[in-house]
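Novice: This is the structure I have questions about; it appears just below.
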Amino acid sequence: MGKVILTGDRPTGRLHLGHYVGSLRQRVELQNSGEFDKIFIMIADAQALTDNADNPEKIRRNIIEVALDYLSCGLDPAKATIFIQSQIPELCELAFYYMNLVTVARLERNPTVKAEIQLRNFGKSIPVGFYTYPISQASDITAFRATTVPVGEDQEPMIEQTREIVHKFNSVYGETLVEPEILLPKNAACLRLPGTDGKAKMSKSLGNCIYLSDTAEDVRKKVMSMYTDPDHIRIEDPGKIEGNCVFTYLDAFSCCDHFAEFLPDYSSLEELKAHYRRGGLGDVKVKKFLNSVLQEVLEPIRARRKEYERDIEGVYEMLRRGCDVARAEAAETLAMVKRAMKIDYFDDTEMIRRQSEMYRNAQ
Ligand code: ATP
Ligand code: MG
Numbered sequence: 085m086g087k088v089i090l091t092g093d094r095p096t097g098r099l100h101l102g103h104y105v106g107s108l109r110q111r112v113e114l115q116n117s118g119e120f121d122k123i124f125i126m127i128a129d130a131q132a133l134t135d136n137a138d139n140p141e142k143i144r145r146n147i148i149e150v151a152l153d154y155l156s157c158g159l160d161p162a163k164a165t166i167f168i169q170s171q172i173p174e175l176c177e178l179a180f181y182y183m184n185l186v187t188v189a190r191l192e193r194n195p196t197v198k199a200e201i202q203l204r205n206f207g208k209s210i211p212v213g214f215y216t217y218p219i220s221q222a223s224d225i226t227a228f229r230a231t232t233v234p235v236g237e238d239q240e241p242m243i244e245q246t247r248e249i250v251h252k253f254n255s256v257y258g259e260t261l262v263e264p265e266i267l268l269p270k271n272a273a274c275l276r277l278p279g280t281d282g283k284a285k286m287s288k289s290l291g292n293c294i295y296l297s298d299t300a301e302d303v304r305k306k307v308m309s310m311y312t313d314p315d316h317i318r319i320e321d322p323g324k325i326e327g328n329c330v331f332t333y334l335d336a337f338s339c340c341d342h343f344a345e346f347l348p349d350y351s352s353l354e355e356l357k358a359h360y361r362r363g364g365l366g367d368v369k370v371k372k373f374l375n376s377v378l379q380e381v382l383e384p385i386r387a388r389r390k391e392y393e394r395d396i397e398g399v400y401e402m403l404r405r406g407c408d409v410a411r412a413e414a415a416e417t418l419a420m421v422k423r424a425m426k427i428d429y430f431d432d433t434e435m436i437r438r439q440s441e442m443y444r445n446a447q
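Reminder that position 88 of the sequence shown reads as 172 in our numbering, one-by-one numbering, no gaps.
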């Protein structure tokens with residue numbers, strides 16, 4: 085069995101630094117490692133509609149934004165199949181059958197969904213589609229027989245749910261589905277990148293993002309007004325690193341070369357942190373350094389985006405081809421699933437022959 089990747093993003097907005105460190109950067113590395121037989125990258129529009137049903141225009145508009153972000157980060161359609169979830173109806177069919185293998189109590193226990201329900205103030209009015217999106221995600225992953233799912237930490241409960249569905253399916257209907265593994269970023273700061281406001285997660289829904297397509301000036305402004313240590317008032321005060329997102333971002337993005345290039349008074353991030361803890365190092369200096377680091381990361385991404393923006397029709401054509409490839413793959417899995425579940429009546433010519441013999445003999 086080959087190694088297969090499936091991962092994706094909701095087209096609820098442009099992609100941000102959280103996506104980049106949580107999943108996108110690693111995807112590009114994995115894509116270029118040559119270790120994977122197939123790579124599927126999904127724009128999860130059907131999932132995005134589960135909590136945006138009344139705003140289809142927002143989802144429609146963001147398909148191209150996410151596709152442009154992908155291409156500008158280095159995802160390569162020659163190596164990875166980029167496709168749109170809603171164009172693969174087989175995914176809905178799989179989810180419909182998996183629903184029989186999951187209890188309401190099990191869905192209720194999902195901590196990520198619980199937090200998201202609270203964030204969206206759904207109260208008791210939770211759309212059923214939103215509530216069951218972990219099941220739909222299980223069909224996305226298994227449809228492509230994915231072995232590896234590179235995502236951020238918030239997705240851990242979804243992959244766990246998928247693995248449970250795979251176990252249950254295989255034990256009831258026979259060995260059919262592939263059990264996926266989650267692949268988290270190695271760097272702890274990247275598991276769940278905080279927002280520029282210091283909140284636990286940078287998220288489109290919270291409006292605390294630095295977007296990959298922000299202009300250099302927007303990035304600079306966002307960095308300069310970022311949350312740090314509220315008790316670090318004068319330069320000489322000792323400062324806190326924990327919960328100080330400027331340092332979390334440096335953990336996620338900076339390397340030794342950045343010090344040589346932009347802040348040669350220090351040789352490493354540890355040295356910079358020690359100075360901040362002791363006191364005598366101002367926020368502005370650290371923020372200016374972070375800005376230089378981020379601009380260096382983002383500049384080539386912005387430049388590539390400009391190139392792809394010149395050929396939007398070409399980008400849609402790439403997506404259309406991706407959907408065709410993805411659909412063929414999902415259809416193969418669905419056929420396997422239907423066979424295992426014994427709902428492949430017309431393909432089972434042996435059954436039809438046996439039954440017709442039985443009825444003929446009884447006449
Ligand atoms: P929404 O608010 O619409 O849910 P989002 O910003 O949470 O959007 P998603 O599309 O839900 O983004 O997430 C896509 C991928 O990016 C997932 O793998 C998720 O784990 C990862 N991701 C999103 N935000 C972060 C973050 N702040 N840190 C690390 N990974 C993240
Ligand atoms: Mg999310």
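Don't be surprised by glycine CBs; every beta carbon is placed ideally from N, CA and C.
Tell me the DSSP bridge mates of L267?
Specialist: Locating residue 267 in the sequence shown gives position 183, where the first residue counts as 1. Partner(s): P234.
Novice: So is the beta-carbon of Q239 under 8 Å away from any non-hydrogen atom of the ligand ATP?
Specialist: Within the sequence shown, numbered from 1, the residue matching residue 239 stands at position 155. True, at least one ligand heavy atom lies under 8 Å from that Cβ.
Novice: Between the region 97 to 107 and the region 148 to 161, can you find at least three pairs of beta-carbon atoms closer than 8 Å?
Specialist: yes
Novice: Under the three-state reduction of DSSP, which class applies to L365: helix, strand or coil?
Specialist: By one-based count along the sequence shown, residue 365 stands at place 281. Residue state, collapsed to three classes: coil.
Novice: The beta strand (DSSP E) spanning F120 covers which residue range?
Specialist: What you label residue 120 is simply residue 36 of the sequence shown in a count that begins at 1. Counting along the chain, F120 falls outside any beta strand (DSSP E), and DSSP gives it neither H nor E.
Novice: In this structure, does DSSP put L90 in helix, strand or coil?
Specialist: Walking along the sequence shown from the start, residue 90 turns up at place 6. It is a strand residue.
Novice: Roughly how many whole angstroms lie between the Cα atoms of I249 and P241?
Specialist: Here residue 249 refers to the residue found at position 165 when the sequence shown is read from its first residue. Here residue 241 refers to the residue found at position 157 when the sequence shown is read from its first residue. The straight-line gap separating the alpha-carbon atoms of I249 and P241 is approximately 12 Å.
Novice: Look up T165 in the DSSP assignment and say whether it is helix, strand or coil.
Specialist: Numbered from 1 along the sequence shown, position 81 holds the residue referred to as residue 165. Strand at T165.
Novice: Pull the bridge partners of Y295 from the DSSP assignment, please.
Specialist: In the sequence shown, the residue the question calls residue 295 occupies position 211. Answer is H100.
Novice: Quick one: is K357 buried, meaning 16 or more other Cβ sit within 10 Å of its Cβ, or exposed?
Specialist: On the sequence shown, residue 357 is found 273 positions in, with the first residue counted as 1. Counting Cβ neighbours within 10 Å, K357 comes out buried, since at least 16 surround it.
Novice: Suppose the cutoff is 7 Å on Cβ atoms and the five residues either side in sequence are ignored; what does the same chain contact list for E263 look like?
Specialist: Start at 1 with the first residue of the sequence shown, and residue 263 comes out as number 179. Excluding positions up to five away in sequence, the list reads R247 and V250.
Novice: Pull up the CB-CB distance for D87 and D121, whole angstroms please, since I reckon it's below 8 Å.
Specialist: Residue 87 sits at position 3 when you count from the first residue of the sequence shown. Residue 121 sits at position 37 when you count from the first residue of the sequence shown. This sequence places Lys at residue 87; Asp is not what is there. Going by Cβ atoms, the distance from K87 to D121 rounds to 6 Å, so yes, they are a contact pair.
Novice: Using a Cβ-Cβ cut-off of 8 Å (strictly less than) and excluding sequence neighbours within five positions of G363, which residues of its own chain qualify?
Specialist: Position 279 of the sequence shown holds residue 363. The residues are I319, E320, D321, P322 and G323.
Novice: Specify the secondary structure class of M286 as computed by DSSP and reduced to three states.
Specialist: Numbered from its first residue, the sequence shown carries residue 286 at position 202. M286 falls in the coil class under three-state DSSP.
Novice: Compare the C-alpha of M308 against each of R389, K369 and S289 and name the closest.
Specialist: Position 224 of the sequence shown, counted from the first residue, corresponds to residue 308. Of the listed residues, the one whose Cα sits closest to M308 is K369.
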